[in-house]
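Below is one structure, written out as structure tokens, with a few remarks after it.
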Amino acid sequence: MTVNVVVTDMDGTFLDDAKQYDRVRFMAQYQELKKRNIEFVVASGNQYYQLISFFPELKDEISFVAENGALVYEHGKQLFHGELTQHESRIVIGELLKDKQLNFVACGLKSAYVSKNAPETFVARQATQYHRLRPLHEFPDIA
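Going by full-length UniProt numbering, the sequence shown opens with residue 1, and the numbers climb by one from there.
Rendered as structure tokens:
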């Protein structure tokens with residue numbers, strides 16, 4: 001059997017509990033994959049910008065399936081971006097905003113967004129998961 005691709009999740013699979021990996025060991029393994037013409041793909045529910053922060057030197061060599069498949073990059077080129085229409089986004093966000101106790105993150109192509117009124121603890125916790133997180137005065141601003 002020929003192996004053409006190696007795909008890994010990040011949290012709890014590729015990364016240790018401290019959200020790190022042995023970069024020297026991985027680079028040796030990655031060089032071996034390249035010699036054998038085996039693609040390396042990172043697949044995760046995480047934000048694309050967070051994923052490339054783990055592989056800055058390889059972001060144009062490897063592929064990323066980010067945001068639970070909503071954003072796909074191959075060798076630095078965007079292949080797919082799944083999105084809601086502006087109308088659909090406004091409906092969903094409108095429903096979420098009805099619950100004044102609810103805090104949420106809206107993900108977009110350029111950034112993730114959080115309300116300027118969200119508690120600092122919520123924003124700080126989300127900032128560990130979203131490397132591009134922008135506060136908004138009003139959510140329609142993302143449309």
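All residues carry an ideal CB built from backbone N, CA and C; glycine is no exception.
Is DSSP giving Glu-32 helix, strand or coil here? helix
- Message: When you compare the region 96-110 with the region 6-23, are there three or more beta-carbon pairs, one atom per stretch, that lie closer than 8 Å?
- Response: no
ask   = Which residue's Cα is closest to the Cα of Leu-133: Gln-50, Thr-85, Phe-26, Asp-9?
value = Gln-50
Quiz prompt | Boundaries of the alpha helix (DSSP H) in which residue 145 is found, first to last residue | solution = The structure shown has nothing for residue 145, since the chain only spans 1 to 143.
#### Entry: Where Val-72 falls, given that 16 or more other Cβ within 10 Å makes a residue buried
buried
message = Per the DSSP calculation, Ser-115 is bridged to which residue(s)?
response = Leu-136
### Query
Applying the criterion that 16 or more other CB atoms from any shown protein chain within 10 Å of the CB defines a buried residue, is Tyr-91 buried or exposed?
The sequence shown places Ile at residue 91, not Tyr. Counting Cβ neighbours within 10 Å, Ile-91 comes out exposed, since fewer than 16 surround it.
Margin query: Which same chain residues end up closer than 8 Å to Gln-31 when comparing Cβ atoms and leaving out the 5 residues on each side of it in sequence?
Written below: none
Helix, strand or coil for Arg-125? Go by DSSP, reduced to three states. helix
Exercise for review: Within 10 angstroms of the Cβ of Val-24, are there 16 or more other Cβ atoms? Answer buried if so, exposed if not.
Suggested key: exposed
Once DSSP output is grouped into helix, strand and coil, what is the label at Ala-143? Here Ala-143 scores only 48 on pLDDT, less than 50, and its place in the model should not be relied on; the value that follows carries that caveat. DSSP places Ala-143 in coil when its eight states are reduced to three.
task: Give the DSSP-derived three-state secondary structure of Phe-55 in the structure shown.
output: coil
First and last residue of the uninterrupted beta strand (DSSP E) at Ser-44: It is not in any beta strand (DSSP E) - Ser-44 carries neither H nor E in the DSSP assignment.
Just to confirm my understanding: we take Val-3, look at its own chain, exclude 5 residues before and 5 after, and list those with CB closer than 7 Å. What are they? Ile-38
*Can you name the start and end residues of the alpha helix (DSSP H) that Leu-96 belongs to?*
86-97
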